[in-house]
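Data block below; observations after.
Residue numbers (my numbering), protein chains in the order written: chain R, 480 to 960; chain A, 5 to 129; chain E, 29 to 470.
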């Protein structure tokens, strides 16, 4: 199969796929000592070969436009084509060093997006500089650190994180120079108040929470949690990964959160791109605004300006102003949805999640009963007598052209299957998914080996991940040895 | 039921110690290797590094997990099991044969703080 | 009804029946009522036509200027093929490739990307990308301080000030001390490095070509570092590596930088892409994702994320880094750019950029109010001194539709009469001659 190869493997010396105008300038010769000894062995193909190659590569992928993608905590909603068209306008692709007078349109997009996010979340001001959710977390924690440093409170070295939290939370805390303290969850995944009270003292800088939490449950005690943490002198950080169900309905700022990040590539429909680029804007309450990373975009009288705020800010965490190309898409989405529809995003995503939960709870083990928000967790199959694992179920779903839900997270359950059906999915799609899940559960009962050996219809079958990790082959040259 | 070898000392973080003439061989238990799954990499210290009781001296990676290995014993690492560099799966095959380091014991009484095979068996249950 | 929300009244009723509640409100009962129902000051819902109008209004408030500045963002040509490929829904809307059986597309291009980075830098292994060159440099610093178990690092003053600021910020919160190596006549002072280096430092970070566009000769740095067992970190313009001596040839341990110069459009500063590549010895210390090759159960070649045990979702607070996503779609972008431009095309684009910048330099420094500063050779940025006020000069240039050079005064008071120009393969002789003719009469 000619096109099952790498671009290097279809390369042939002398072919080209580019065209540049003839150089009008005299050739400048650089000293030989500064040049590389041998040229990089990069591909040489014709334009059709390049296009055909990557088109065939794309066929080995699964996108949201192909089918249902119920990955918990990822919010795989439809990525509107309009967002792409608007973002592709070359008039918005200027050099970052253009002068303010020539940038007023671009800066207005930034400013308006900041303002709308503030309104939606109940926090005073946003920075759009962070490049991703994890990056936003880091920024938020740096803000906490600087806040306490400025108060001359050097004892606060710890961040409280629930045991159900996503791995980026403790990792971000460490990168920001903190130690982590874990608090326990209740049966329903919510924060155990006793465990929290025990952990709170004058060494705690703050707490990182997701609400709804990673099991899809709303922290009903959030106001009390907020009071406890504030009384102990700490700040509250909101991980915005789960913002979708409360968007336009409830606001983290009103729950007592001081700092939060938003994932534009989750809640605000910008495409995931196979793993990026994302955007993780950070919002803060009024007294923390001065800490937002430099540079900041402001409106002074009727003009938009870019200001270096390094004298009070946590510092600088991006070369320029963040992923503007992503921000434009989010702004387009915000305008498309608008005030009239914003609240329905949460309402329908929650409706979808509860519908699937109730439809499958006779086949899959539901550890947390009752109403969930936009996502929920099953703890594997109810019938575990044939030892069919969550992994086996996930692999078998691939044969039915469904992208599996998130598996083995959150860690609080052994066989986690986390399902999030965004509001853009119709009842018919959900019914199909329910039928497929029931079919696989039935297969697990009657023909378990079939499920354990899946997938059968994908372009590759189960992979030997151990050998890949033991003897890593990480580039084309490694394959030639 | 994971295998526990008599005559060795154990920690509640699933390391084992074999004492031989003032030296301690250290490895991870059957319970540990089972929990990790197929081991793909063992991060080895260098010979002449200092091991501190209760502190990490190695880390073991499987495909889906990674675990720190804590030293039960303080002392200088005199020998490192280089076989584990190319064949980390040896620990899965026999976790008690395939030790990770040999340490010159600085303080023999540290042994008294460790668990016996029976005490370790209780922890595993 | 709204076009992104498919639920009809009938759908809603049927679903509520299955759930066993009367209304959707019942599904929000645990949220305190005082939190709900706020009247939000956000725009009304816009139809597509209204959105186009809004953005037309916004575009009219901008003025696109022809850039004669680089300094971290370069106006290189983007082949037409690329956008069509990266906008394929299979690439654009897919998630991170955690289920490799249906993500062979993403995994394959990541593998090709890693191969390209290795070829250009000469290094053994590259990760699947970082957010940008500046944060990649900061992460390289963390790699070094983790490996050497020391909390001090040396950094050259010839590095782009924005990269420096990001490195300083990341260092500060982790308690890492950043010390500087002096700049002398536009280049890093190896004498100063020799004097300051010690076992206390995890290593040194340098940039090539440096902030002033100068191609620095870093021979000799490896042997100084060998004495202190420090790590050599180099931030290098990715496209320039098609021509210039590689980090590998300089004995670098960690190569980082931004891949924007492989045809990524300016986009007012992002998204770009950071790369990080290192030696075999440091492979498991790299942050971010890595793609490897394996076989499936039928012996077929397949790609898979590997060495995941180091990442945040497993190691959590012991992870090498907190990075979760990368810049995947931009990795595809630079991969397709490389495939299309190819071995010769990247060299040609960069050569033309070098030639254009040198032509600009020669012509501008002929003018009475401009003069040369540094004697070292430069790549596609150049420093020129002027008696004109840089702000006034740039204002006049903007009126003519030109984005003038970066004034260096705000970064270094001793350089307040100096400006940083750049020209890429997109700049024609006509455009440069026009620039010169405007400057001539100022």
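Note that CB positions come from ideal geometry on N, CA and C, so glycine has one too.
Reduced DSSP category for residue i - H, G, I as helix; E, B as strand; rest coil
i                       : result
residue 911 of chain R  : helix
residue 334 of chain E  : strand
residue 36 of chain E   : coil
residue 630 of chain R  : coil
residue 641 of chain R  : strand
residue 154 of chain E  : strand
residue 747 of chain R  : coil
residue 905 of chain R  : coil
residue 554 of chain R  : coil
residue 246 of chain E  : coil
residue 251 of chain E  : helix
residue 659 of chain R  : strand
residue 128 of chain E  : helix
residue 799 of chain R  : coil
residue 1006 of chain R : Chain R is shown only over 480 to 960; residue 1006 of chain R falls outside these bounds and no answer can be derived.
residue 410 of chain E  : strand
residue 303 of chain E  : strand
residue 279 of chain E  : coil
Boundaries of the beta strand (DSSP E) in which residue i is found, first to last residue
i                      : result
residue 63 of chain A  : 60-66
residue 32 of chain A  : 27-32
residue 779 of chain R : 775-779
residue 319 of chain E : 318-323
residue 715 of chain R : 714-718
residue 818 of chain R : Counting along the chain, residue 818 of chain R falls outside any beta strand (DSSP E), though it belongs to the alpha helix (DSSP H) covering 803-839.
residue 687 of chain R : 683-688
residue 236 of chain E : 231-236
residue 80 of chain E  : Here residue 80 of chain E belongs to no beta strand (DSSP E); instead the alpha helix (DSSP H) covers 76-88.
Buried versus exposed, by CB contacts within 10 Å (16 or more), residue i
i                      : result
residue 38 of chain E  : exposed
residue 638 of chain R : buried
residue 423 of chain E : exposed
residue 935 of chain R : exposed
residue 138 of chain E : buried
residue 225 of chain E : buried
residue 396 of chain E : exposed
Cβ-based neighbour list, residue i, same chain, cut-off 8 Å, excluding 5 preceding and 5 following
i                      : result
residue 776 of chain R : 586, 589, 590, 593, 607, 783, 784, 785, 786 and 800
residue 700 of chain R : 669, 670 and 672
residue 502 of chain R : none
residue 796 of chain R : 608, 609, 614, 617, 618, 621 and 772
Beta-carbon proximity list for residue i, same chain, < 7 Å, skipping 5 on both sides
i                      : result
residue 93 of chain A  : 42 and 43
residue 566 of chain R : 804, 807 and 808
residue 159 of chain E : 302 and 355
residue 812 of chain R : 559, 562, 747 and 748
residue 294 of chain E : 101 and 103
residue 98 of chain E  : 408, 409 and 450
residue 93 of chain E  : 426, 429, 430 and 431
residue 861 of chain R : 842, 843 and 844
Check: residue i C-beta below 7 Å from any heavy atom of the ligand GDP
i                      : result
residue 887 of chain R : The model on display carries no ligand, and the ligand GDP is accordingly not part of it.
Where the alpha helix (DSSP H) containing residue i begins and where it ends
i                      : result
residue 877 of chain R : 869-877
residue 762 of chain R : Run containing residue 762 of chain R: none in the alpha helix (DSSP H); it sits in the beta strand (DSSP E), 761-763.
residue 678 of chain R : 672-678
residue 159 of chain E : Run containing residue 159 of chain E: none; DSSP gives neither H nor E here.
residue 373 of chain E : 356-392
residue 17 of chain A  : Counting along the chain, residue 17 of chain A falls outside any alpha helix (DSSP H), and DSSP gives it neither H nor E.
residue 3 of chain A   : This structure leaves residue 3 of chain A out entirely; chain A is present only between 5 and 129.
Q: Pull out every residue of the segment 523-540 of chain R whose Cβ sits closer than 8 Å to any Cβ of chain E, in chain order.
A: Those would be 523, 524, 526, 529, 530, 532, 533, 534, 536, 537, 538, 539 and 540, in chain order.
(Q) Residues of the segment 310-330 of chain E in Cβ contact with chain A at a cutoff of 9 Å, in chain order, please. (A) Flagged, chain order: 312.
Q: Give the residues from the segment 40-57 of chain A that approach chain R closer than 9 Å (Cβ to any Cβ), ordered along the chain.
A: Here the close residues are 41, 42, 43, 44 and 45.
**Q.** Interface positions of the segment 81-103 of chain A facing chain R (Cβ-Cβ less than 7 Å), listed along the chain
**A.** From the segment 81-103 of chain A, only 92 have a Cβ closer than 7 Å to chain R.
(Q) Along the segment 929-956 of chain R, where does the CB come closer than 7 Å to a CB of chain A? Name the residues. (A) Among the residues of the segment 929-956 of chain R, those with a Cβ less than 7 Å away from any Cβ of chain A are 944, 945, 948 and 949, in the order of the chain.
**Q.** Interfacial residues, the segment 499-524 of chain R to chain E, with Cβ spacing under 7 Å
**A.** Residues passing the 7 Å Cβ filter: 499, 502, 503, 504, 505, 506, 507, 509, 510, 512, 513, 514, 515, 516, 518, 519, 520, 521, 522, 523 and 524.
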